[in-house]
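J.:
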Amino acid sequence: MRQCFAQLSDPHLTSLKSVRSRDLISKRALGYLSWRRKRRFEHRTEVLEALQRDLALSELDQLLITGDLTHIGLPQEFEQAQQWLQELGSPSKVALVPGNHDACVTVPWSESFALWQRYMASDDDQNTVRDGMNFPSLRVREGIAFIGLSSACPKPPLMATGTIDSEQLERLPALLQRTADAGLFRVVFLHHCPIAGKEKWRKRLTNASAIQALLEEHGAELVLHGHGHRAQYSELQTCHGTLPIIAVPSASALGLNGADIAHYNRYQLDRTDRGWQINIDSRRYRSEMQEFCAGTHKTLQINRSH
Ligand SMILES: [Fe+2]
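Right, dumping it as structure tokens:
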């Protein structure tokens with residue numbers, strides 16, 4: 024049976040127009056200046072409206088969002104993003120991991136990630152009230168395991184790095200093993216690039232080498248991330264076979280100053296005799312039409328011994 028899912032990233036959907044000066048302590052002041060000078064011209068409401076129209080035309084089994092919904096992680100931004108998530112779909116259809124902008128500084132849980140909790144939750148955790156993150160998340164949909172990792176944690180000013188905490192590093196191997204044993208197609212999604220040395224030092228995943236080593240040892244079938252605001256395709260060789268690692272640009276970007284214009288990717292997955300076939304269709308924003316249209320197409324064969 025064919026399964027369809029999509030990934031978008033870094034929508035930076037919030038506005039800081041009505042922010043109060045007392046909210047702009049420490050790292051947030053720099054983030055606000057960056058929004059005033061650059062980011063509000065790059066991340067646009069009209070692109071997000073076109074994105075919602077385009078997503079509404081797709082029948083998706085799961086929509087993955089790989090973080091950075093906000094600019095500086097203010098409580099009012101979490102509220103704006105919660106409303107946007109509700110417009111995209113129910114928590115059972117939309118799975119979220121946070122990004123570094125969402126964890127700009129430490130914010131009380133109840134005013135921040137609690138508002139997104141059901142979108143970040145595992146299947147087993149949908150109705151549990153928690154007071155903190157619970158990653159890796161796991162959702163299983165018709166032969167696919169969606170495994171979410173959080174790399175979002177407050178960092179010093181000017182740093183856009185991320186770290187996967189030790190609890191996630193401990194739990195991930197067993198989760199990858201269990202889902203492989205069940206014959207599932209394992210999609211790992213996170214905000215930062217998990218390949219060591221690939222991202223700029225200021226934007227890197229600080230323990231990418233540990234995550235990369237876990238992926239090489241325990242395998243996965245697909246890794247999706249964002250953060251860099253550019254489309255990228257890489258591969259890792261794992262003990263289970265080749266692992267594609269795919270990044271999408273920001274879903275709201277006009278592509279100013281040489282950045283990639285907004286894209287998101289749709290995936291169609293089919294079983295084959297030797298594993299799976301994935302068809303990847305990139306949906307790209309066209310400024311002149313103010314709509315998302317067909318972009319590149321790619322077909323991958325993921326060979327695995329079942
Ligand atoms: Fe980011």
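Start counting the sequence shown at 24; every next residue gets the next number (the working numbering).
Just so it is clear, CB atoms sit at the ideal spot from N, CA and C, and this is done for glycine as well.
1) What is the residue span of the beta strand (DSSP E) that Ile234 lies within?
2) Ignore the nearest five residues each way along the sequence and tell me which others in His248's own chain have a CB closer than 6 Å to its CB.
3) Which residue's Cα is closest to the Cα of Leu86: Gly251, Leu195, Gln30?
4) Apply the 10 Å Cβ neighbour rule to Ser41 and answer buried if 16 or more other Cβ atoms are within range, or exposed otherwise.
5) Say yes only if the C-beta of His35 is nearer than 6 Å to one or more non-hydrogen atoms of ligand 1, and no if none qualify.
6) Pick helix, strand or coil for Asp188, following the three-state DSSP scheme.
7) Using DSSP's beta-bridge definition, name the partner residues of His320.
8) Can we count Gly122 as close to ligand 1, meaning its CB is less than 6 Å from some heavy atom?
9) Taking three-plus beta-carbon pairs below 8 Å as touching, is the stretch 222–240 in contact with the stretch 195–210?
10) In the DSSP output, which residue or residues are listed as bridge partners for Asp293?
11) Suppose the cutoff is 7 Å on Cβ atoms and the five residues either side in sequence are ignored; what does the same chain contact list for Ser18 look like?
12) Using DSSP's beta-bridge definition, name the partner residues of Pro121.
13) Do Leu228 and Ala168 have their C-beta atoms closer together than 7 Å?
14) Quick one, which of Met156, Pro131, Val128 has its alpha-carbon nearest Arg141's?
15) From the DSSP output, in three-state form, read off Ser113 for me.
16) Which value, in whole angstroms, describes the spacing of the CA atoms of Gln191 and His320?
17) Looking only at its chain, what residues have a beta carbon closer than 6 Å to the beta carbon of Leu47, apart from the 5 residues adjacent to it on each side?
18) Which residues bound the beta strand (DSSP E) around Arg164?
19) Roughly how many angstroms lie between the CA atoms of Lys226 and Ser115, to the nearest whole one?
20) What are the boundary residues of the alpha helix (DSSP H) that includes Gln75?
21) Out of curiosity, what's the CA-to-CA distance linking Gly233 and Val211?
22) How about the stretch 70–84 and the stretch 129–145: do they share at least three Cβ pairs that are nearer than 8 Å?
23) Can you tell me the Cα-Cα spacing of Leu279 and Gln149, whole angstroms?
24) Label Gln26 either buried or exposed according to how many other C-beta atoms from any shown protein chain fall within 10 Å of its C-beta, with 16 as the threshold for buried.
25) Can you tell which of Arg209, His252, Ala236, Ala205 has its C-alpha closest to the C-alpha of Lys223?
26) Indicate whether Ala52 and Ala126 have their beta-carbon atoms separated by less than 7 Å.
27) Check Ser38 in the structure and name its three-state DSSP category.
28) Do you know offhand how far Cys316's Cα is from Pro272's?
29) Report the rounded CA-to-CA distance for Ala254 versus Asp304, giving the unit in angstroms.
30) Rounded to the nearest angstrom, how far is the Cβ of Ile325 from that of Ile301, given a contact under 8 Å?
T.: This is what the structure holds:
1) Looking at the DSSP string, Ile234 is not in any beta strand (DSSP E); the run it does join, the alpha helix (DSSP H), is 231–241.
2) If we look at His248 and ignore the five residues flanking it on each side, its Cβ neighbours are Thr89, Leu213, Cys216, Ala270.
3) It is Gln30 whose Cα lies nearest to the Cα of Leu86.
4) Under this definition Ser41 is an exposed residue.
5) The closest heavy atom of ligand 1 lies 6 Å or more from the beta carbon of His35.
6) In the structure shown, Asp188 sits in coil (DSSP, three-state: anything other than H, G, I, E or B).
7) Beta-bridge annotation (DSSP): His320 is paired with Asp304.
8) Yes, the beta carbon of Gly122 sits closer than 6 Å to at least one heavy atom of ligand 1.
9) The count of Cβ pairs closer than 8 Å, one atom from the stretch 222–240 and one from the stretch 195–210, reaches three, so the stretches are in contact.
10) Looking at the DSSP assignment, Asp293 forms a beta bridge with Gln300.
11) This structure cannot speak to residue 18, because the chain is shown only from 24 to 329.
12) According to DSSP, which records beta bridges pairwise, Pro121 is partnered with nothing at all.
13) Taking 7 Å as the cut-off, the beta carbon of Leu228 is found no closer than this to the beta carbon of Ala168.
14) The shortest C-alpha separation from Arg141 is found at Met156.
15) Three-state result, Ser113: coil.
16) One C-alpha to the other measures close to 33 Å.
17) Within the same chain, Leu47 has close Cβ partners Tyr55.
18) Taken as a continuous stretch (DSSP letters only), the beta strand (DSSP E) holding Arg164 covers 160–164.
19) The straight-line gap from Cα to Cα measures roughly 31 Å.
20) Unbroken alpha helix (DSSP H) run through Gln75: 68–79.
21) Reading off the sequence, residue 233 comes out as Ala, not Gly. Roughly 15 Å between the two C-alpha positions.
22) Contact between the stretch 70–84 and the stretch 129–145 is absent, with fewer than three C-beta pairs closer than 8 Å.
23) Going by the C-alpha atoms only, they are around 39 Å apart.
24) Here Gln26 is buried. Its C-beta has 16 or more other C-beta atoms within 10 Å.
25) Among Arg209, His252, Ala236, Ala205, the Cα nearest to that of Lys223 belongs to His252.
26) Not closer than 7 Å, so no.
27) DSSP places Ser38 in coil when its eight states are reduced to three.
28) Their backbone Cα atoms lie some 15 Å apart in a straight line.
29) Near 13 Å, if we compare the C-alpha coordinates of Asp304 and Ala254.
30) So it is a contact: roughly 6 Å between Cβ atoms.
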